[in-house]
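Take a look at the structure below.
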Amino acid sequence: MKAYRKAGYSTRSVKWLLILFIAFFTLSGNTDPQHNVYFCGDRIPVDREFVRDKLMNVIRRQVPVVNLPTLRKRADMYFPIVEKFLLKYGIPEDLKYLPIVESGFISNATSRVGAHGFWQIMPKTGVQYGLVMNDVTDERTDIYKASEVGCKLLRDNYNYIKKFHGVASWSLAAAAYNFGIGNITKTMKKQGSDYFAMQLNPETALYVYKIIAVKELFEYPELYMKNFGYNVFSTAAPKKMKEGGDDSDAAFAKINLEVSTQENKSLEKPARAPKYLVAHIEGKHKDFKDGNLIKIVLDEDLTTGLGFSRKGYSFSVQGWIINDRVYMDLGYGHEITLFDANLKKGIELNELKSKRVNILLKNTGYSD
1 MKAYRKAGYS
11 TRSVKWLLIL
21 FIAFFTLSGN
31 TDPQHNVYFC
41 GDRIPVDREF
51 VRDKLMNVIR
61 RQVPVVNLPT
71 LRKRADMYFP
81 IVEKFLLKYG
91 IPEDLKYLPI
101 VESGFISNAT
111 SRVGAHGFWQ
121 IMPKTGVQYG
131 LVMNDVTDER
141 TDIYKASEVG
151 CKLLRDNYNY
161 IKKFHGVASW
171 SLAAAAYNFG
181 IGNITKTMKK
191 QGSDYFAMQL
201 NPETALYVYK
211 IIAVKELFEY
221 PELYMKNFGY
231 NVFSTAAPKK
241 MKEGGDDSDA
251 AFAKINLEVS
261 TQENKSLEKP
271 ARAPKYLVAH
281 IEGKHKDFKD
291 GNLIKIVLDE
301 DLTTGLGFSR
311 KGYSFSVQGW
321 IINDRVYMDL
331 GYGHEITLFD
341 ANLKKGIELN
351 ELKSKRVNIL
361 LKNTGYSD
């Protein structure tokens with residue numbers, strides 16, 4: 001479904017976004033827990049060479065995102081609606097990013113094969129699920145009705161695969177959204193049930209990777225900012241990057257995907273229950289701007305995959321402003337995330353400028 005082409009999206013103007021996703025895996029080539037990437041509760045097998053190769057290939061493909069500040073505003077407006085229907089049908093919240101890949105949350109996006117609306121629903125599917133589509137009304141452009149149908153289709157895909165193939169996989173359910181449930185189940189009979197090991201058509205083979213890439217950028221923006229040295233969600237982003245950045249093959253060749261090559265034996269194990277540690281930000285930052293350094297002081301001992309740090313240890317990190325909140329990359333990837341006292345990610349910009357701020361560090365890796 002390539003509705004984003006008709007919605008005005010450009011191949012050249014989106015390649016740099018995908019570099020952000022891949023850049024996370026280039027943090028010094030360590031084999032630490034921060035390289036774990038999750039989707040719908042499952043750990044993505046980035047330890048496999050061919051999965052890494054496909055992720056690199058995603059750089060040269062398209063995700064329907066051009067103006068990130070504008071897209072984030074649209075997403076913030078529509079996510080609560082989509083999340084409501086995901087919850088109603090028992091679907092993981094990660095799949096709220098699927099409509100971004102489908103349409104960029106453009107209501108009238110249309111593909112060359114007739115898919116239309118926020119969720120790029122095909123006419124036959126719309127009729128099957130009771131949507132009104134005629135010369136006057138097309139309910140595929142209604143975010144509420146389209147989201148209900150999109151979620152029903154994802155749920156039905158998941159239940160069908162689980163019932164007839166004994167596999168509980170939201171990755172396959174998402175792939176079926178793109179490829180069709182019949183095509184996915186035929187492929188499963190020949191190739192097994194691991195989406196990341198399947199040989200599929202080029203679009204479906206990269207479809208789930210695209211959703212994961214958008215999820216990573218939206219949920220962990222602080223991990224990617226430093227690789228560009230500016231805030232990709234700021235309307236003051238450098239003009240060059242707004243126009244697409246360095247699109248040359250040489251630029252792509254400089255990016256190396258380096259993750260753990262050890263066999264990942266815990267793919268099916270649930271994630272460790274997180275532990276929250278107390279810390280604080282030293283001093284006031286009344287003149288804080290994007291990319292400025294912030295000093296963090298531990299008020300408790302911290303154990304991570306990178307080692308042990310005692311209470312009182314301090315370190316400086318860069319901060320980035322998104323929607324009047326400041327997000328920081330602590331250097332531990334996904335393992336350690338910064339929250340305010342209300343368990344909301346990041347901290348309010350006004351608080352950072354006016355007073356000492358107490359923070360919580362969410363540790364999903366090692367525990368003391």
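Under the working numbering, the first residue of the sequence shown is numbered 1, with each subsequent residue one higher. Built from N, CA and C at the ideal position, the CB exists for glycine as well.
- Inclusion of threonine 303 and tyrosine 332 in the CB contact set at 8 angstroms is not warranted, their separation being larger than that value.
- Counting along the chain, the unbroken alpha helix (DSSP H) around glycine 182 starts and ends at 181-191.
- Non-local beta-carbon contacts of proline 123 in its own chain, meaning distances under 7 angstroms to residues more than five positions away in sequence, involve Gly114, Met133 in chain order.
- Scanning the stretch 104-162 for uninterrupted alpha helix (DSSP H) segments of 4 residues or longer gives 123-128, listed from N- to C-terminal end.
- Within the same chain, Leu298, Asp299, Glu300, Asp301 come within 8 angstroms of lysine 311 by CB-CB distance, once the 5 residues on both sides are set aside.
- Alanine 279: member of the beta strand (DSSP E) spanning 275-281, first to last residue.
- With distances taken between CA atoms, leucine 361 lies nearest to Lys345 out of Lys345, Leu352, Leu306, Leu349.
- Beyond the five residues adjoining it in sequence on each side, leucine 349 comes within less than 8 angstroms, by CB distance, of Phe288, Ile321, Asp324, Arg325, Val326 in the same chain, given in chain order.
- Per DSSP, the beta bridge partners of asparagine 363 are Lys275, Ile336.
- Between threonine 187 and leucine 200, the C-beta spacing is below 8 angstroms.
- In the structure shown, the three-state DSSP call for leucine 306 is coil.
- Threonine 204 and isoleucine 181 have their C-alpha atoms spaced approximately 12 angstroms apart.
- If you look at serine 314, you'll find it in the beta strand (DSSP E) that goes 314-322.
- Collapsing the DSSP output to three states places phenylalanine 218 in a helix.
- In this structure serine 193 does not touch aspartate 42 by the C-beta definition: roughly 12 angstroms separates them, more than the 8 angstroms allowed.
- Taking a contact as a CB-CB distance under 8 angstroms, the pair tyrosine 209 and lysine 54 counts as one, their CB atoms being some 6 angstroms apart.
- Across the structure, glutamine 318 and valine 278 are spaced so that their CA atoms are roughly 19 angstroms apart.
- Looking at the DSSP output, arginine 356 shares a beta bridge with no other residue.
- With a threshold of 16 other beta carbon atoms within 10 Å, arginine 356 falls short and is exposed.
- By the 16-neighbour rule on beta-carbons within 10 angstroms, proline 221 is buried.
- Around the beta carbon of glycine 365, 16 or more other beta carbons lie within 10 angstroms, which makes this residue buried.
- The beta carbons of glutamate 102 and glutamate 93 sit no closer together than 8 angstroms.
- Less than 8 angstroms divides the Cβ of tyrosine 195 from the Cβ of alanine 175.
- Distance from the CA atom of isoleucine 143 to the CA atom of lysine 353, rounded to whole angstroms, is 38 angstroms.
- Proline 202 is classed as exposed because its beta carbon has fewer than 16 other beta carbons within 10 Å across all chains shown.
- In this chain, the alpha helix (DSSP H) harbouring tyrosine 78 covers 68-88.
- Taking the C-beta atoms as reference points, histidine 280 is found no nearer than 8 angstroms to isoleucine 336.
- Per the C-alpha coordinates, the member of Asn342, His165, Trp119 positioned closest to lysine 189 is His165.
- Each of Lys215, His285, Phe315 was checked against the Cα of tyrosine 38, and the nearest Cα belongs to Lys215.
- By the Cβ neighbour-count rule, serine 169 is buried, with 16 or more other Cβ atoms within 10 Å of its own.
- A residue is called buried when at least 16 other Cβ atoms come within 10 angstroms of its Cβ; arginine 72 meets this threshold and is buried.
- Looking from the CA of threonine 125, the closest CA among Val136, Thr137, Lys152 belongs to Lys152.
- Glutamine 120 sits buried, since 16 or more C-beta atoms from the chains shown fall within 10 Å of its C-beta.
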